[in-house]
Amino acid sequence: MSASTTPRLPRRAGIGLKSQHYAALLAAVEAGTAPAWAEIHPQNYFGPGGPPHRWLTAVAEHMPLSFHSVGLSLGSSGGVDRGELDALAALCARYVPAMVSDHLSWSNGPGDKFPDLLPIPYTSAALAHFAGEVARVQDRLGRAILIENPSRYLAYAASNWCEVDFLHELCRRTGCGLLLDINNILVSAHNLDRDPEAWLDAFDPRLVGEIHVAGHAVKPDGEGGMVAIDDHGSPVGAACWTLLDRFLHRAGPTPVLVEWDSDVPDYAVLHAEAARADTLIAACSPVTADA
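Taking our numbering, the leading residue of the sequence shown gets 47, the next gets one more, and so forth.
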């Protein structure tokens, strides 16, 4: 498939595809009730064959895919994990996803990998490094990618950029876009004592190619306070739906993914969450300059 025939991600709701939902999703396709698109973590499909690829091939015949990578480690001092990038490039060539994304984070150290998406400092040096690695990935894949805003539990004292300006400048330097995770804004705003509405409103909707919504947990931090944890293990919260509606009325219809990665529910529950997102997308009317 050539670049000119690369599928586009519909401006509707999608779901994160889980192995326990393969059969149910294909049954929904047959019934005409399936979501408009699905997102996967490509690292789950880096093997050369087997059942995961048989299922994914069947799904890809019916809907566009978004590849949400969790392993490039763009912020690592040693640069992008070349093995991960080669495997991602091969998978993109095989399935031609409508979108590819990764995170404003790092997860690799010298001779080690960490099972988390760790934050980077928002400094000019970090921005230059990250922009160079994004450019490297885009050159290898032959396409622009999206970078997701992180969930944060602390702020680096050395940071001299705010997160939104950092991401906007990254887009300007590299031509990448943004994956706007609204749940991450809520988690970060809680943990850093910020206003989530003001944080959301600072993002330029013209740069946003995909939106994520999810649930999160709030637990005692052991010091008398409460910490928000980005666990994707519950329904999308009321505050997240409200912020999604707020952003869509500024941005217009945008692809929205419902994430649910732990304590994964039955397919019907996930489908209902996607249907609610579709309702908000259909109802949104972007604010014009004259409004």
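All C-beta atoms, glycine included, are put in the ideal place defined by N, C-alpha and C.
From a predicted model like this one, the values you see are computed outputs, not experimental measurements.
Exercise for the section: For aspartate 185, I'd like the list of residues in its chain whose CB is within less than 7 Å of its CB, leaving aside the five on either flank, ordered along the chain. Expected result: none
Problem - Selection from Asp227, His278, Asp277 that minimises the alpha carbon distance to isoleucine 257 - result: Asp227
Exercise for the section: Return yes when the Cβ of leucine 192 is within less than 8 Å of the Cβ of glycine 221, no when it is not. Expected result: no
Problem - Coarse secondary structure for alanine 174, derived from DSSP in three states - result: helix
Practice task
Sort out for me which residues DSSP pairs valine 254 with in a bridge.
Solution key: Leu224
Exercise for the section: Closer than 7 Å by C-beta to alanine 201: which residues in its own chain qualify, once you throw out the five before and the five after it? Chain order, please. Expected result: Leu238
Practice task
Give the DSSP-derived three-state secondary structure of alanine 80 in the structure shown.
Solution key: coil
Practice task
Look at alanine 73 and valine 304 and say whether their C-beta atoms are less than 8 Å apart.
Solution key: no
Problem - Coil, strand or helix - leucine 43 by DSSP - result: Limits of the chain in this structure are 47 at one end and 337 at the other, which puts residue 43 out of reach.
Handout entry: DSSP state of alanine 321 mapped onto helix, strand, coil
Key = helix
Problem - Residue nearest to arginine 218 in terms of C-alpha spacing, selected from Glu243, Arg252, Tyr313 - result: Arg252
Exercise for the section: State the DSSP-derived secondary structure class of leucine 290, mapped to helix, strand or coil. Expected result: helix
Exercise for the section: State the DSSP-derived secondary structure class of leucine 102, mapped to helix, strand or coil. Expected result: helix
Exercise for the section: Over the uninterrupted beta strand (DSSP E) stretch that includes glycine 60, give me the two end residues. Expected result: 59-62
Practice task
Within the same chain, show all residues whose beta-carbon is closer than 7 Å to that of proline 196, passing over the 5 residues directly before and after it, in chain order.
Solution key: His149, Leu150, Ser151, Leu163, Pro165, Asn230
Exercise for the section: Kindly indicate which residue of Arg189, Leu246, Val233, Pro301 has the alpha-carbon position closest to the one of aspartate 211. Expected result: Leu246
Exercise for the section: Run through the region 173-212 for me and flag every whole beta strand (DSSP E) of 3 or more residues, listed as ranges in chain order. Expected result: 192-194
Practice task
May I ask which residues mark the beginning and end of the alpha helix (DSSP H) holding leucine 137?
Solution key: 128-141
Exercise for the section: State the Cα-Cα distance for the pair alanine 77 and alanine 139, rounded to the nearest angstrom. Expected result: 30 Å
Handout entry: proline 81 versus proline 167: straight-line alpha-carbon distance, rounded
Key = 37 Å
Problem - CA-to-CA distance, glycine 96 to alanine 248, given in whole angstroms - result: 44 Å
Exercise for the section: Return the chain-ordered list of same chain residues with a C-beta closer than 8 Å to the C-beta of leucine 55, the five sequence neighbours on each side being excluded. Expected result: Trp83, Pro110, Ser112, Ala144, Met145, Gly255, Glu256, Pro301
Handout entry: Pairwise C-alpha distance: serine 308 and phenylalanine 293
Key = 26 Å
Practice task
Note down the Cα distance separating leucine 131 from leucine 118, rounded to an integer number of angstroms.
Solution key: 6 Å
Practice task
Report the option in Gly129, Leu134, Gly124, Leu137 whose CA atom is closest to the CA atom of phenylalanine 176.
Solution key: Gly124
Handout entry: Simplified DSSP assignment, three categories, for alanine 328
Key = helix
Practice task
Return the CA-CA distance between proline 266 and methionine 272, expressed in angstroms with no decimal places.
Solution key: 4 Å
Exercise for the section: Alpha carbon to alpha carbon, how far is alanine 318 from valine 142? Give it in angstroms, no decimals. Expected result: 28 Å
Exercise for the section: Reducing DSSP to helix, strand and coil, say where aspartate 148 ends up. Expected result: strand
Problem - Between the CA atoms of glycine 279 and glycine 268 - distance to the nearest angstrom - result: 21 Å
Problem - Which of helix, strand or coil DSSP assigns to valine 370 - result: The chain is shown only over 47 to 337; residue 370 falls outside these bounds and no answer can be derived.
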